[in-house]
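Chemist: Okay, here's the structure, questions in a sec.
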Amino acid sequence: MGAKYSVEQIFEQAAKFVVKQKGQWEHNDWEDFLGKISEYQIDLNDELIVKLGSLLELGKYFYFNLPETVEKKQKKTKKSTTKKSKEETVIEE
Numbered sequence: 009m010g011a012k013y014s015v016e017q018i019f020e021q022a023a024k025f026v027v028k029q030k031g032q033w034e035h036n037d038w039e040d041f042l043g044k045i046s047e048y049q050i051d052l053n054d055e056l057i058v059k060l061g062s063l064l065e066l067g068k069y070f071y072f073n074l075p076e077t078v079e080k081k082q083k084k085t086k087k088s089t090t091k092k093s094k095e096e097t098v099i100e101e
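For the sequence shown, the numbering used here begins at 9 and goes up steadily by one.
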């Protein structure tokens, strides 16, 4: 599998941060998070910093409002239909 997209890496780090901090953090924690993101050689301009803050706040909302764990719903299975082969088809004459 190839390298992850930068958005995947940032979302993963944000989720890990929110869970590790149990949905609460101080300014120093925020600065540590930004330091972790800067390790990905991303230019942390003002707009990106604001968006990262919004991402963490969204993560905090999910942390407190979703179940701790979720399971995937099982896919509905289609009824199996069998096609009769030419040999199975009997033609009455």
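Glycine included, every Cβ here is placed at the ideal spot set by N, Cα and C. All values reported here derive from a predicted model rather than from experimental measurement.
(1) What does the alpha-carbon distance come out to for the pair residue 38 and residue 46?
(2) Starting from residue 76, trace the alpha helix (DSSP H) in both directions and tell me its first and last residue.
(3) Report yes or no: do three or more beta-carbon pairs, one from the region 46-58 and one from the region 77-84, lie closer than 8 Å?
(4) Our contact map puts residue 41 next to residue 19 with C-beta atoms below 8 Å; I'd like the distance itself, whole angstroms only.
(5) For the candidate residues 16, 15, 23, whose alpha-carbon lies nearest to that of residue 70?
(6) By how many angstroms is the C-alpha of residue 11 removed from the C-alpha of residue 66?
(7) What did DSSP end up calling residue 29 once you bin it into helix, strand or coil?
(8) Could you spell out where the alpha helix (DSSP H) holding residue 39 opens and where it closes?
(9) If I'm right that residue 43 touches residue 72 with Cβ under 8 Å, what's the distance once you round it to whole angstroms?
Modeler: Quick look at the numbers:
(1) 12 Å
(2) Where residue 76 is concerned, there is no enclosing alpha helix (DSSP H), given that its DSSP letter is neither H nor E.
(3) no
(4) Their Cβ separation, rounded to whole angstroms, is 13 Å, which puts residue 41 and residue 19 out of contact at 8 Å.
(5) 23
(6) 26 Å
(7) coil
(8) 35-46
(9) With a Cβ gap of about 25 Å, residue 43 and residue 72 do not count as contacting.
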